[in-house]
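Numbering (this note's numbering), first residue to last: 65 to 347. Note that the Cβ used here is the ideal one computed from N, Cα and C, for glycine as well.
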Amino acid sequence: MKQWTWVRQHLLKAGIALITIILTIVMAGWHSASNAQSGSTQLLWYGQSAFKLTTPSGKVLLIDPWLENPLNPNGKADLAALKQVDLILVTHGHFDHVGNAVAIAKKTNAKLVSSSDLGQAMVAFSGYPKELVPFETQGNFGGELTLLNGEVKVAFIPAVHSSSVASDGSPATFAGNPGGFLVSVKGGPVIYHTGDTDLFADMSLIPKFRKVSLMLACIGDQFTMGPQRAAEAVKLVNPTTVVPMHYGAFNLPGTPTAFSQALRQQGVKSQIRILKVGEVLKL
């Protein structure tokens, strides 16, 4: 009997030890997942329409990456400092949106997210590496991509503008229809980058599918909507916060001050956040 009692006691101790180990592993995994989810999404503005989006897990997305634009005095240093880029999103083919995309892709192996027409044009005329323009990162308006193991979704939104690419002084080549992106970070913000566009009524449909946390709205006028029409666009989308972009680089008439005034005049409730070049916004 004493022998069996000894055996039962040791089995019980072994069972408790095993359960403790299992719970430790589970808790450690839960703690790591919680830490990953608790990190903030960060958005850095390089000027013009160029942004760097960093997810809570450290994935890096660039949108319209013209880092060496006239508004960014640190353009060359910013370009040199990029070590990791997972995705490059390009709204349309104009030089101030394609920007440094090709150089960055060759350096970091970043895949291109774009309309399929633009992707083909950038491979053929801009030199974007063909192997970095796979089927799974190409789409078209009305479609949505699930990327980076489900951490990010990118929906293709139309824009009222034009799109072409040019190389080595050759005539510009049609590069599909222009667009914007609705970027949804898992457990994080939903960001609408308008690309270059005019105001259009179907913007009102965007919040019917997903509430927009942050709208990056072009305001420059002359080549895109100006402050008054951009304010109306914000009213249609109804984001929590709006950041003006695409102004100042070419002495365009639209300004953040005029945009802020237009938002007030039109009774828009969204908060405006005016970023400085190089400023990081935590979301």
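A buried status is given to Q112, since no fewer than 16 other beta-carbon atoms sit within 10 Å of its beta-carbon. Taking E343 as the centre and dropping the five residues before and after it, the same chain places the C-beta of L108, W109 closer than 8 angstroms to its C-beta, in chain order. At a Cβ-Cβ threshold of 8 angstroms, D150 and K123 count as neighbours. Exclusion of the five residues before and after L131 leaves Y110, A114, G139, D142, L143, G163, N164 as the residues of its chain whose Cβ lies within less than 7 angstroms of its Cβ.
Within its own chain, the residues whose Cβ lies closer than 8 angstroms to the Cβ of M186, once the five positions on either side in sequence are excluded, are V154, G157, V162, A165, V166, L176, S178, Y192, V197, V229, A239, listed in chain order. Taking C-beta separations shorter than 6 angstroms and ignoring five residues to either side along the sequence, the partners of V254 in its chain run S248, R274, V276, S277, following chain order. Setting aside the 5 residues that flank it on each side, G243 is surrounded in the same chain by T155, H156, S179, F205, F220, I221, P222, A223, G259, each with a C-beta closer than 8 angstroms to its C-beta; the list follows chain order. In the three-state reduction of the DSSP assignment, P198 falls in the coil class, being assigned neither a helical nor a strand state. When the beta-carbon positions are compared, V306 and I270 stay at least 8 angstroms from each other. Looking at the DSSP output, E296 shares a beta bridge with no other residue. A straight-line Cα-Cα distance of about 40 angstroms links T105 and P235. For F245, the enclosing beta strand (DSSP E) covers residues 243-249. Cβ neighbours of K217 within its own chain (closer than 6 angstroms, five residues either side excluded): E208, T210, S248. Approximately 6 angstroms separates the beta-carbon atoms of I168 and L146; this is inside 8 angstroms, confirming the contact. Fully enclosed alpha helix (DSSP H) runs of no fewer than 4 residues occupy 291-301, 320-329 of the segment 285-333, in order along the chain. For T118, the closest C-alpha among the options G252, S231, G233, F159 is that of G252. Within the same chain, Cβ atoms closer than 7 angstroms to the Cβ of K299 are found at Q330, V332, the five residues on either side in sequence being excluded. In this chain, K147 is not harboured by any beta strand (DSSP E), its DSSP state being neither H nor E. Under the three-state reduction of DSSP output, G103 falls in the coil class, being neither helix nor strand.
The alpha-carbon of D232 is positioned some 26 angstroms away from that of G312. The residues F323, A326, L327, Q329, Q330, V332, in chain order, have a CB closer than 8 angstroms to that of A295 in the same chain once the five nearest residues on each side in sequence are set aside. In this structure, the beta-carbon distance from D285 to L263 does not fall below 8 angstroms.
With a threshold of 16 other beta carbon atoms within 10 Å, D128 meets it and is buried. In this structure, the straight-line span from the alpha carbon of P134 to that of A281 is close to 19 angstroms. S268 places its beta carbon 8 angstroms or farther from that of P303. Nearest to P120 by C-alpha distance, out of G214, F189, A174, is G214. Take the alpha-carbon of P291 and the one of A188: they are about 36 angstroms apart.
Around Q148, the same chain offers V124, T172 as residues with beta carbons nearer than 7 angstroms, after the five sequence neighbours per side are excluded.
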